[in-house]
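Protein chains in written order, with this note's numbering: chain A, 354 to 723; chain B, 1273 to 1636; chain C, 31 to 276. Backbone N, C-alpha and C fix where the C-beta goes; we use that ideal spot for every residue, glycine too. One structure is given below, encoded as structure tokens.
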Amino acid sequence: MGPLARLVQKEFRQIFRDPLMVRLIFLMPIIQLFVLGHAVSLDLKGVRVSVLDPVPGPLSRRLSQAVWETETFTPGPPVATPSQAEDLLVQGRTDLVLHFPVDLERRMRQGNGVLGINLDGRNSAQAGQALAQVQAVLNLEAARLASGWKGQAPRPGGVTLQPLYLYNPELVSRYQMVPAITILLITIISAMLTGMSVVREKELGTLEQLLVSPLTSRQLVLGKTIPLAILSFGELAVATLAAILVFRLPLEGSVLLLSGAVFLYLLVTLGGGLLASTVSSTQQQAIFTVWFFLVFSILLSGFFFPVANMPQALRWLTWMNPMRFIIEIVRGIYLKGSGPADLALPLGMLAAHGVGVFSLALWRFRKRVA
Amino acid sequence: MLAVAAKEFLHILRDPRTLAVALVMPLAMVLLYGYAIDMELRALPIAVLDEEGGVRSRQLVEDVQSSGFIQVVERLSSREQIEPGFRHNRFLAALVIPAGHARRLGQGREAPVQVVVDGADGSTAATVGAYLEQAIALHNGRRLPGAGLKPPLRVEPRTWFNPQRVSAHFIVPGLTAVVMIMVCALLTSISIVRERETGTLEQVLTAPVQARELILGKLQPYLLIGALDTAVIFFVGRVVFQVPMNGSWLALAGYSLLYIWVALAMGLLISALVRTQQVAMMIALVVTLLPALLLSGFIFSHASMPLPLQVVGHLIPATWYLRIVRGVMLAGVNAWPREALVLAGMGVAITGLALKRFQKRLDD
Amino acid sequence: MRPTTESGLAVRAHHLSRRFGDFTAVDSLDLDVEAGEIFGFLGANGAGKTTAIRMLCGLLAPSAGEAWVDGLPISTHGEAVKRRIGYMSQRFGLYDDLRVGENLEFYGGIYGLDSAAIKARRGELLERLDLSQALDRPTGSLPLGYKQRLALGVALLHRPPILFLDEPTGGVDPVARRAFWDLIYEVAAEGTTVFVTTHYMDEAEYCGRVSIMVAGRIQALGTPASLKAEHGARDMQDLFLKVVGT
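Written out as structure tokens, the structure reads:
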């Protein structure tokens, strides 16, 4: 065994000696995939709808029934008075209140049906989506109910839309979250642990012992990064299997391309961790340095919020964020079966980031060590 | 105890990075979250394949374009160009107007147009579909009066608490819940474990301080920083993002202190359970920060989660604090006895557990 | 042991200096250490001992001057120098979470020893350091005196001609210190040069020659006996106070 192999062996021994660490490294991806895969969803579900109907009739019943029957909405607590509706909204015990007028049928027959909706706007996005959907359901049902009436016969013609959703016909956000979560896991393992493991040796005084040995700085850097790269690929394998078997994600593209892209990305995260270690003398500092960059990388990566939806200035900023590109790549490979030609731009950007960051880390490391 | 607190303060002040994480990062997060997270999608890029190429189809494209939410970024000449466009992420949907569009309309028949949507991002895809639906309804109303169904029911919506449905009003107050966990739980646990790892804890313990005093002393600066961060976030929220304040500041401050205590107790408990900073960091991240970010209702609503996660969500202090913050600021209700009781109960339980574990750890 | 240099010098420093900003930690150090010598490198805290030793071991680049270790200039042959020295610091540089045997195996490996050589050398050293029964114990659980001997073992693994010991006996009880010095004598008797810094003046008596550093410069250099006579000192403690006080 050469010096490099010894270093790698030692790192593995240290990682596997701490049972808590082992559990964290191998259980974390599974738990996080499960939690994040299900929690991180912008799909609207279970919106509670209460009905305020002073004079209940067949029409209002049919309309509320139609709303409740959708997957988005469920019945909320019943409401008798407007002030009660207000109380429920304030306390957050219902999300939306349908307020039917006393003479709904007469009004509708005159083509003048009006229905009040009170909704909780605290969660702005949910409120907007819920409103649009409830309107659509009500309009459709009202049109159906009214279609038999005199003077309300459907008039023909007009442009109609036939939507066709590719890749993800049920439009679940899990499809797009799970590949991105895989990346998040790898980032945490590789960047944070690299930074900390180098600084830990500094703190404990063993780094000095290594530096008086004939190890070259390149051997040292590789010895520190190879074990974490291997762990990261282990994590990738676990997460990919879970994505396919548990979350039923189609892996349309090539596993080889996925691994290649992750390798490029690891150059960034491992290099970043090393860079953090060169500017830190305590693990606390290393964590905070990595953490600082991580928070903003995640936010500006399109992980939760589409890059296309950001203000222009922030969109430019995302070009400096390697996580943006790897997320674009894994989503493309997973869901659309994108190949190297389709992903040339993000792959190129990722490679540039990777080579840049890792070389910088190597250079800084050599300088600090010499 | 004061001496310990003063020492901890010096540690923080002397280390610009801890200071950055404790003070600069929350501020930057508020600004970024406030500006970057606009959950109302607009200017969604789509492509158009106009197989007809007549006046009618041009009008349709114009109307779609002028609806404000959709931007036509590309003209296609064949269906084969659609998928490559999706794979390159050049556009999110392609509107296909088949030949014979005008003739069908002229004959008073339905004229279907197809929209192919990149469904990879499910929620964005649904939104694109809904926007196009709206734009086409508008087009029908403007250009083809009398065609299609006239809705017999008009809806008059009234959105409470956040009438314009501004994302920042929803996000920014909630951010306090996340930032306080970060500052109090993450910073505290790491700083205590660090003393253990480098052996200074033993040194301090040989001095005549009680373990209890030592710990409380260490917590004080983080309590202060947590409070300061909260104040900064609320201030920025009010001034920069005009988040309304319909309730009482005093009540809000009280609830926030309660929450900070719970967050500190969590940090303490972690530090009592682990030996190394690496493990403390991982646990703080996985057990406190990510749940506060993802399972608390901060962005993602509980209602759309499966039951087990909803249950877990309700075991997280951030969930309860979030309800209070949004309730006080947006709904203007100051009394949240149930939520406050839950938080207090969590605080007592976690603190007790942490102190007990700590005593045991130090006696070992 | 192979001969060190033609001149027989194990360590030689010539005008060796190191500045940190405006502060001169080591000021034009001149020093010759013979092969096979036990050389005591003394000085008060902050006198520049550690800086000097770090330069000699290639951990720190000098600002000016040059030094030769085992005849090789440190400025151009840093890597070769590292193969010829063993280093043990006050912090021991051991991995607490590895077992005793694993620590030796690891350090042997990074010095390029193959598995068979490591195994043989490990057994030999553990025997000699009286640590054989500790082979499979976690290093973190060892008493300080054991850790200290293990750290010496790590420094000796690759049979270096020169051994640098930076305050190797800090925090260890007098009996363990005595035992440790017995080991140092044994090592030196085999021809290894020992370059040692210490705070304990009684230990300085065990050295062949000592130097006393004050504010980055060497103020006194010679055998303990000749220095005591020269400064009219009763013992090394008295000598140290007299030299540092001037």
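| Query | Result |
| --- | --- |
| Between the C-alpha atoms of B/L1561 and B/M1454, what's the straight-line distance to the nearest angstrom? | 6 Å |
| Can you pull the chain A neighbours of C/Y125, defined as C-beta to C-beta under 9 Å? | K363, R366, Q367, E554, L557 and T559 |
| I think A/S333 touches A/R677, with their Cβ atoms under 8 Å apart; what is that distance to the nearest whole Å? | A query on residue 333 of chain A cannot be resolved here, the shown segment of chain A reaching from 354 to 723 and no further. |
| Of all Cβ atoms in chain C, is any one closer than 8 Å to the Cβ of A/S630? | no |
| Quick check: B/L1530 and B/I1622, are their CB atoms within less than 8 Å of each other? | no |
| What residues match up with C/H44 in a beta bridge as DSSP calls it? | C/E96 |
| In chain A, which residues lie less than 7 Å from B/Q1386 when you measure between Cβ atoms? | Q515 and L517 |
| Compute the Euclidean distance between the alpha carbons of C/H107 and A/L581, then round it to the nearest angstrom. | 32 Å |
| Candidates B/V1620, B/A1366, B/A1535 and B/S1520: which alpha carbon is nearest B/L1496's? | B/A1535 |
| Should the segment 610 to 626 of chain A be called in touch with the segment 695 to 711 of chain A, which here means at least 3 C-beta pairs below 8 Å? | yes |
| What residue range does the alpha helix (DSSP H) around B/I1596 cover? | P1589 to R1598 |
| A/R370 touches chain C at which residues, Cβ-Cβ below 7 Å? | D127 |
| Judging by CA-CA distance, which residue of B/R1595, B/M1601 and B/V1605 is the nearest neighbour of B/V1614? | B/R1595 |
| Any beta carbon of chain A sitting closer than 8 Å to that of B/I1464? | no |
| Could you name the residues of the same chain whose beta carbon sits closer than 7 Å to that of C/A185, not counting the 5 residues immediately before and after it, in chain order? | G116, Y117, M118 and L193 |
| Assign C/A234 to buried or exposed, taking buried as 16 or more other Cβ atoms, counted over all protein chains shown, within 10 Å of its Cβ. | buried |
| Can you tell me which residues form a DSSP beta bridge with A/T724? | Residue 724 of chain A lies beyond the range of chain A shown here (354 to 723); nothing can be said about it. |
| For chain B, check one thing: does any of its Cβ atoms lie closer than 8 Å to the Cβ of A/Y528? | yes |
| Could you tell me which chain A residues have their CB closer than 8 Å to the CB of C/E109, listed as they occur along the chain? | P567 and T569 |
| Can you name the residues of chain A whose CB is closer than 8 Å to the CB of B/E1323? | Neighbours of B/E1323 on chain A: none; closest Cβ ~14 Å, over 8 Å. |
| Could you pull the start and end residues of the alpha helix (DSSP H) that C/R151 belongs to? | S145 to R158 |
| Going by Cα to Cα distance, which pick from B/L1587, B/T1290 and B/M1297 is closest to A/Q637? | B/T1290 |
| Do the CB positions of C/V56 and C/R48 come within less than 8 Å of each other? | yes |
| Under three-state DSSP, which class holds C/G51? | coil |
| Where does A/Q367 sit, in a helix, a strand or coil, going by DSSP? | helix |
| Which residues, in chain order, does the segment 654 to 683 of chain A contribute to contact with chain B at a C-beta distance below 8 Å? | F657, F658, P659, A661, N662, M663, P664, L667 and E681 |
| Considering only C-alpha positions, which residue in the set A/S585, A/L493, A/E439 and A/V632 is nearest to A/A419? | A/L493 |
| Provide the residue span of the alpha helix (DSSP H) that contains C/D196, from first to last. | Unbroken run through C/D196 is the beta strand (DSSP E), I192 to D196; no alpha helix (DSSP H). |
| Kindly indicate which three-state DSSP category C/S241 falls into: helix, strand or coil? | strand |
| In angstroms with no decimal places, state the Cα-to-Cα distance between B/R1610 and B/F1442. | 22 Å |
| Below 8 Å on the Cβ atoms is my contact criterion, and I expect B/A1544 with B/F1630 to pass it. Report the Cβ-Cβ distance as a whole number of Å. | 4 Å |
| Mapping DSSP to helix, strand and coil, what is B/I1571? | coil |
| Hey, which unbroken runs of the beta strand (DSSP E) at 3 residues or more fall wholly within the segment 1310 to 1337 of chain B? | 1316 to 1322 |
| Would B/N1606 pass as a contact of B/S1520 if the rule is Cβ separation under 8 Å? | yes |
| Just to make sure I have the definition right: I need the residues of chain B whose C-beta is within less than 8 Å of the C-beta of A/F645. Which are they? | R1289, A1292, V1293 and M1297 |
| Verify whether the separation of the beta carbon atoms of C/D268 and C/T227 is less than 8 Å. | no |
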